[in-house]
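Input: a single structure, listed below in structure tokens.
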Amino acid sequence: MTEEQTQSVTEPELDRDETVLLDDVAGALDESDDGVEPDGQDGEANEDVEDDEDDEETSAPSPGDRLKELEQEGDIAADYLEELLDIADLDGDLDMDVEGDRAAVSIVGADLSQLVGANGEVLDALQELTRLAVYRETGERSRLMLDISGYRADRRRELVALAEETCAQVKETGEAVSLKAMTPFERKVVHDAVAAAGLSSESEGVEPRRFVVVLPR
Numbered sequence: 006m007t008e009e010q011t012q013s014v015t016e017p018e019l020d021r022d023e024t025v026l027l028d029d030v031a032g033a034l035d036e037s038d039d040g041v042e043p044d045g046q047d048g049e050a051n052e053d054v055e056d057d058e059d060d061e062e063t064s065a066p067s068p069g070d071r072l073k074e075l076e077q078e079g080d081i082a083a084d085y086l087e088e089l090l091d092i093a094d095l096d097g098d099l100d101m102d103v104e105g106d107r108a109a110v111s112i113v114g115a116d117l118s119q120l121v122g123a124n125g126e127v128l129d130a131l132q133e134l135t136r137l138a139v140y141r142e143t144g145e146r147s148r149l150m151l152d153i154s155g156y157r158a159d160r161r162r163e164l165v166a167l168a169e170e171t172c173a174q175v176k177e178t179g180e181a182v183s184l185k186a187m188t189p190f191e192r193k194v195v196h197d198a199v200a201a202a203g204l205s206s207e208s209e210g211v212e213p214r215r216f217v218v219v220l221p222r
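Take the sequence shown: its letter number 190 is residue 195 in the working numbering, and every next letter is one higher.
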């Protein structure tokens, strides 16, 4: 599959309520700059790898302590999001989990599309606000992953399928293939899938037009 053949997931245009919500979230992000460095649009890593790890050498907490920390992050995030849903007068159920070395919170409900937005842009902004809420309570940067109505889970499946198809093409032709521009979250998913297929990949370009190149062995 060539870059021209890749298809993006197209969300409907934002209606007035979605635009207002996105503006409010963006404004809150601008006003809340208190030293927390955003992790990028999707919450993975600005360099498409797990670069949220501190450069400083610190003693790693025990697995049990780390699990408690992540569960605490989930609880803080759930409280924050529950208040947001109440303010927005939206119905939604909150699911909390720990995935790998990060807390994960999902909101599911009848109609939460306005909290996802076009191409997940409102979701990305809400994730950063939720991480900021966790930071204010714990004093530690959070890598919490937020999903709403299964948007990220669905997108992850699509990207893994795209990566596998692209890897098959690269193995057959021996030529590198460039994909369309993606968010940090999307690029991280593709990098992981490419590595699992036994090939290598790299990111090129500058945000927001940064993209993945799948390389032959």
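Ideal Cβ placement from N, Cα and C applies to all residues, glycine included.
Relative to the C-alpha of residue i, which residue among the options is closest?
i	options	result
L95	E104, D80, A201 and Q119	Q119
A138	E78, D102 and D116	E78
V175	D102, L204, G105 and V127	L204
L86	S111, R107, D70 and E191	S111
E191	R136, G69, L167 and L89	L167
V182	P189, R222 and G144	R222
E170	M187, A202, D116 and T188	A202
G125	T188, L134 and G144	T188
P68	L131, G179, D106 and E163	D106
E133	A173, T143, H196 and L149	L149
E142	E209, I81, P66 and D70	I81
L131	E180, A93 and R214	A93
Counting only the same chain and skipping the five closest in sequence on each side, list residues whose C-beta sits under 8 Å from that of residue i.
i	result
E207	V217, V218 and L220
V103	L72, L75, E76, G79 and A109
L128	L120, V121, G122, L151, D152, I153, Y156 and R157
P66	E74
Going by beta carbon distance, what residues of the same chain come within less than 6 Å of residue i, once the five residues before and after it are set aside?
i	result
V165	A198
R161	V194
E212	none
M101	G79, A83 and V110
T178	none
R136	S147 and L149
G114	D96 and G97
G210	F216
T214	Here residue 214 turns out to be Arg, not Thr, going by the sequence shown. Same-chain partners within the cutoff: A186.
In the DSSP assignment, find the unbroken alpha helix (DSSP H) run with residue i in it and report its ends.
i	result
V139	E126 to T143
L89	P68 to A93
V165	Y156 to T178
In the structure shown, what three-state DSSP assignment does residue i receive?
i	result
R214	coil
S205	strand
L99	strand
V121	coil
R107	strand
A186	strand
D39	Unreliable positioning characterises D39 in this predicted model, as indicated by a pLDDT of 39, which lies under 50. The coordinate reading is nonetheless provided below. Coil at D39, not helix or strand.
V113	strand
Locate the beta strand (DSSP E) running through residue i, then write down its first and last residues.
i	result
D152	M150 to I153
Looking only at its own chain, which residues have a Cβ that is under 7 Å from the Cβ of residue i, when we skip the five neighbours before and after it?
i	result
L99	A83, L86, E87, V110 and I112
L117	L95, G97, I153 and S154
C172	V199, A202, L204 and V219
L90	G97
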